[in-house]
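Protein chains in written order, with the numbering used here: chain A, 1 to 179; chain B, 1001 to 1179.
Where a beta carbon is used, it is the ideal one built from N, C-alpha and C, also for glycine.
Note that this is a predicted model, so its numbers are computed, not measured.
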DNA sequence: GTCTATACCCGGATAGAC
DNA sequence: GTCTATCCGGGTATAGAC
């Protein structure tokens, strides 16, 4: 099928991004990995931005799955989600940044994908959107600081996660009477 | 004095960064703003990275002052710090990112500057470093998501800040018996 | 759908005269 | 400490042949 090449190109782009970071993600590098020349990529994607959108979509779909798995049979949904969030981000730092450091290209993303990725967390807060966003903020902030090596050497990041998620969990209980 | 030119160059760099973002922060643009040619900058700074370090130092010193002011006479130190943090970051988004999206160049920063900027928050958590880092994570995460326009249109970001900081404040009270 | 050739623009940084 | 001239490398993207 004609779409096979597109998938192959996105896979190559992802490998480069994850291995060498966004500055290494050039059209020439992607093409070389696929085994073609850079100009040929433009027969499959109109421009580089379109290729990056495909990468973001792949990352969102993957995290949605991870989150859904994390809350299955979890006695502590917030803690389980936090652990899954952090583990995935640390395992895919450059893709994580591509997904989260810029506005989502919502109009070019598959319908419902963003909502699907957000649903597990919203469920964990009992539908409380403010607490869901606060929880996301906490997770994204700790993750970003860790990825950027912004904490001083020797800082106990695990303890910060534990303290933050515990406070959030208590906060959710206080706001949702039906806990 | 000979240092005057350095200060002038850093000021020009800051103006460009804040007005046009990091991609516009080129040696040529900085030089043009100062009224000289790009190569002349290398008589004052060894390379571009050194100039960026100076920008980070300026931002750190400024935020340290802001935070110290915020906790003065504040009945709710965490809330006051959160408001000051958010306001400064939204007012200086590109400098904020330069300061926080990469490792701190600690060995080239004035002695004690990082500690001074961190002190108000550590004080607000009663010396609880884990809670201080969780609070920083929350603030940095909400700020980053807001700066990156990652929340859906219409999302109530104020409510997320309120919910998160309230939960953190309660968490601090629970962990420090001497509240 | 792939290729070669190339346009076009941009960046950081250096050499050497004044 | 400033200048001009320039090196050197890199990027996205297009034209046109095959």
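Sequence-distant residues of the same chain with beta carbon closer than 8 angstroms to residue 1090/B, five excluded per side: 1143, 1146 and 1147
Minimum C-alpha distance to residue 1050/B - residue among 1079/B, 1036/B and 1106/B: 1106/B
Check whether residue 163/A and residue 1163/B have beta carbons under 8 angstroms apart: no
Exposed unless 16 or more other CB atoms sit within 10 angstroms - verdict on residue 1179/B: Residue placement at residue 1179/B is poorly supported in this model, since its pLDDT is 44, which falls under 50; the coordinates still yield a value, given next. Looking at its Cβ environment, which holds fewer than 16 other Cβ atoms inside 10 Å, residue 1179/B is exposed.
Spatial distance of residue 160/A from residue 1128/B (CA atoms): 10 angstroms
Residues of the segment 1080 to 1106 of chain B whose Cβ lies closer than 7 angstroms to any Cβ of chain A, in chain order: 1100, 1101, 1102, 1103 and 1104
Close-in-space but distant-in-sequence residues of the same chain around residue 96/A (CB under 8 angstroms, 5 per side omitted): 59, 88, 89, 143 and 147
Contact between the segment 59 to 71 of chain A and the segment 98 to 112 of chain A (3+ Cβ pairs under 8 angstroms): yes
Close Cβ partners of residue 116/A (< 6 angstroms) along its chain, the five nearest in sequence each way excluded: 64
8 angstroms Cβ cutoff, residue 1151/B in contact with chain A: yes
Closest by C-alpha distance to residue 1079/B, when choosing among 1167/B, 1047/B and 1152/B: 1167/B
Exposure of residue 7/A, with buried meaning 16 or more beta-carbon neighbours within 10 Å: exposed
Residue 179/A at chain B interface by Cβ criterion, 8 angstroms: Per-residue confidence for residue 179/A stands at a pLDDT of 44, beneath the threshold of 50, marking its modelled position as unreliable; no derived number is given.
Neighbour list for residue 1044/B in chain A, Cβ cutoff strictly below 7 angstroms: Ordered by position in chain A, no residue passes the 7 angstroms Cβ test against residue 1044/B, which lies about 27 angstroms from the chain.
Closer than 8 angstroms at the beta carbon, the chain B residues around residue 138/A: 1134, 1137, 1138, 1141 and 1164
Burial state of residue 1134/B, where buried means 16 or more other Cβ atoms lie within 10 Å: buried
Neighbouring residues, chain A, relative to residue 1064/B (Cβ below 8 angstroms): Those do not exist, as residue 1064/B stays about 16 angstroms from chain A at its closest Cβ, beyond 8 angstroms.
Residue 149/A (DSSP reduced to helix, strand or coil): coil
Three-state secondary structure assigned by DSSP to residue 179/A: Here residue 179/A scores only 44 on pLDDT, less than 50, and its place in the model should not be relied on; the value that follows carries that caveat. If DSSP states are grouped into helix, strand and coil, residue 179/A belongs with coil.
Nonlocal neighbours in the same chain, by C-beta distance under 6 angstroms from residue 1074/B, ignoring five residues either side: 1080
Segments assigned alpha helix (DSSP H), at least 4 residues, entirely inside the segment 1009 to 1072 of chain B: 1027 to 1034, 1038 to 1041 and 1048 to 1071
Rounded Cβ spacing between residue 1054/B and residue 1034/B (contact assumed at less than 8 angstroms): With 8 angstroms as the limit, residue 1054/B and residue 1034/B do not qualify as a contact, their Cβ atoms being about 14 angstroms apart.
Proximal residues to residue 45/A (C-beta, below 8 angstroms), its chain only, five neighbours per side dropped: 6, 9, 51 and 54
Proximal residues of chain B, C-beta to C-beta of residue 171/A below 7 angstroms: 1163, 1166, 1167 and 1170
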